[in-house]
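Each number in the numbering used here corresponds to the 1-based position in the sequence shown with 1 added. The beta carbon of each residue, even a glycine, is placed where N, CA and C say it ideally should be. From a predicted model like this one, the values you see are computed outputs, not experimental measurements. Reviewing the structure listed below.
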Amino acid sequence: MIAKLFTSLALIVTLLFQNAAVMPARHADDIQLKAVLVSDIHSDADFTRDRTNLMRKVFAAVGGTQRDADTIVMSGDLTNSGDLREYINLFNCLNFYCRIRDRVPEIGNHDSWHHSDDPDWQKAEKYFKWFCSWNGINTDKVWYTKEVNGIPFIMLGVEACDFKNPYHSPEQLNWFEEELNSAVGAGTPVFVICHKPPEDLCDSADRIRQILNDAAGKATAPIIYVSGHCHEIGENTFARPQNNLVFLNLPSMLYTDDGGLGFVAEIREGELTLTGMNFLKNTPLEEYCYKIEY
2 MIAKLFTSLA LIVTLLFQNA AVMPARHADD IQLKAVLVSD IHSDADFTRD RTNLMRKVFA
62 AVGGTQRDAD TIVMSGDLTN SGDLREYINL FNCLNFYCRI RDRVPEIGNH DSWHHSDDPD
122 WQKAEKYFKW FCSWNGINTD KVWYTKEVNG IPFIMLGVEA CDFKNPYHSP EQLNWFEEEL
182 NSAVGAGTPV FVICHKPPED LCDSADRIRQ ILNDAAGKAT APIIYVSGHC HEIGENTFAR
242 PQNNLVFLNL PSMLYTDDGG LGFVAEIREG ELTLTGMNFL KNTPLEEYCY KIEY
């Protein structure tokens with residue numbers, strides 16, 4: 002009873018902030034887009050645990066050091082188990098500690114209740130859509146596209162609770178193919194956000210790779226496929242199999258070492274930079290800084 006009451010009160014606070022104004026970023030004039038990229042937050046339902054305290058510190062650091070960012074993109078596993086209280090905790094931490102008001106979330110395997118003894122995809126889907134709506138995104142699917150400063154972010158989403166085989170329906174894959182081909186025609190970089198790297202997509206892997214390869218062959222600017230899930234930073238963090246196709250696998254925001262790792266993407270005319278960051282220390286990860294000219 003007390004837990005339900007606490008959740009209800011927290012939800013009321015959440016809803017009060019869901020329409021908070023998005024303030025324009027104030028970065029250098031030559032930067033078309035600056036985006037913070039993070040993954041695998043795994044928000045906890047307990048508002049008092051060390052994990053939540055670390056989440057507060059990281060978001061405060063991101064908001065303080067990257068306050069001129071246009072958006073923060075979250076590449077799946079927003080929560081640990083897709084619980085409503087975990088989404089509330091995450092949203093309130095973002096609101097109270099992070100100054101970046103534009104947010105682009107993606108659903109991951111943990112958010113889809115994959116580990117539950119009684120998985121309920123309808124609830125998982127509903128809670129994710131609620132979280133999107135709190136952040137100003139109204140979508141009737143778990144996949145969608147959002148443009149930030151003219152740069153498209155194509156957000157793919159798992160549609161089932163199976164941990165080993167993330168399911169992407171034919172409807173979603175057909176939509177992705179059309180959306181990506183349309184986006185590359187504009188001549189700007191395109192971000193594709195999918196929680197798992199291609200090699201972990203199982204039944205969807207071949208189709209998604211084919212869509213990416215075909216679109217990259219037509220593109221005049223990079224397609225950046227951003228994933229997470231693996232939690233590590235290392236030799237598989239960055240790959241560029243084609244001139245206009247880039248794979249970036251993000252470390253976990255709260256699991257690697259003491260937490261606080263992610264990337265910052267900046268787009269200038271003819272140039273994309275991807276900078277690995279320790280946000281808590283406000284230092285770049287020098288081995289993981291990439292420049293792509295196009």
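If you draw a straight line from the alpha carbon of residue i to that of residue j, how long is it in whole angstroms?
i: G64; j: Q173; result: 33 Å
i: T238; j: G186; result: 27 Å
i: T66; j: F129; result: 28 Å
i: V74; j: A36; result: 7 Å
i: D199; j: T53; result: The identity of residue 199 in the sequence shown is Pro, whereas the question assumes Asp. Their Cα atoms are separated by approximately 30 Å.
i: A220; j: A46; result: 42 Å
i: D84; j: A125; result: 8 Å
i: A70; j: K142; result: 27 Å
i: N93; j: P120; result: 26 Å
i: I209; j: W176; result: 11 Å
i: L286; j: S170; result: 37 Å
i: Q123; j: N136; result: 20 Å
i: L202; j: H230; result: 11 Å
i: G188; j: E272; result: 13 Å
i: N166; j: D204; result: 7 Å
i: H232; j: R241; result: 20 Å
i: Y98; j: L251; result: 22 Å
i: V59; j: G263; result: 10 Å
Note down, in chain order, each residue of its chain lying with its Cβ closer than 6 Å to the Cβ of residue i, except the 5 sequence neighbours on either side.
i: N139; result: none
i: D78; result: D41, H43, G109 and H111
i: T276; result: V265, P285 and C290
i: R100; result: G64 and R68
i: A22; result: Because A22 sits at a pLDDT of 45, beneath the cut-off of 50, its placement in the model cannot be relied upon, and the point is left open.
i: T274; result: E267 and K292
i: P153; result: T146, A184 and V191
i: R104; result: I73 and N136
Any heavy atom of the ligand HEM closer than 7 Å to the CB of residue i?
i: I225; result: As presented, the structure is devoid of all ligands, the ligand HEM included, so that no description of it is given.
Figure out for me which residue from the options has the closest Cα to the Cα of residue i.
i: K282; options: A62, A161 and I194; result: A62
i: A29; options: I268, E294 and F280; result: I268
i: I89; options: W131, R104, P120 and K58; result: W131
i: S253; options: H196, E270 and E288; result: H196
i: L95; options: S113, W114, L55 and S82; result: L55
i: E236; options: L273, R210, C290 and L213; result: C290
i: V39; options: F48, V159 and P106; result: P106
i: L157; options: I234, V227, I101 and D31; result: V227
i: N325; options: L273, Y256 and E288; result: Lying before the first or after the last residue shown, residue 325 is absent from the chain, which here runs from 2 to 295.
i: A206; options: Y168, E148 and E288; result: Y168
i: R50; options: F97, F280 and E87; result: E87
i: E294; options: A222, D259 and G261; result: A222
i: N150; options: D31, Y98 and S183; result: D31
i: E148; options: L251, F280 and L34; result: L34
i: E178; options: E160, W144 and A161; result: W144
i: F48; options: L91, L249, S76 and A161; result: L91
i: W114; options: A161, F280 and K58; result: A161
i: E288; options: D259, I234 and V159; result: I234
Which residues mark the beginning and the end of the alpha helix (DSSP H) in which residue i is found?
i: Y1; result: What is shown of the chain runs 2 to 295, which leaves residue 1 out entirely.
i: T66; result: D51 to T66
i: L213; result: A206 to K219
In its own chain, which residues sit with a C-beta less than 7 Å from the C-beta of residue i, not counting the 5 before and 5 after it?
i: A217; result: I224, Q243, N245 and L246
Which stretch, first to last residue, makes up the beta strand (DSSP E) that contains residue i?
i: G229; result: I224 to H232
i: E294; result: T284 to E294
i: I73; result: T72 to S76
i: N279; result: E272 to N279
i: I268; result: L262 to R269
i: Q243; result: F239 to Q243
i: A36; result: L34 to V39
i: F248; result: L246 to P252
With a threshold of 8 Å on Cβ separation, who are the neighbours of residue i within its own chain once the five nearest residues in sequence on each side are excluded?
i: T284; result: M278
i: L181; result: I155, V191, V193, I212, L213, A216 and I224
Exercise for review: Could you name each continuous beta strand (DSSP E) segment of 3 residues or more that falls completely within the stretch 108-191, going from the start of the chain to the end?
Suggested key: 145-149 and 152-156
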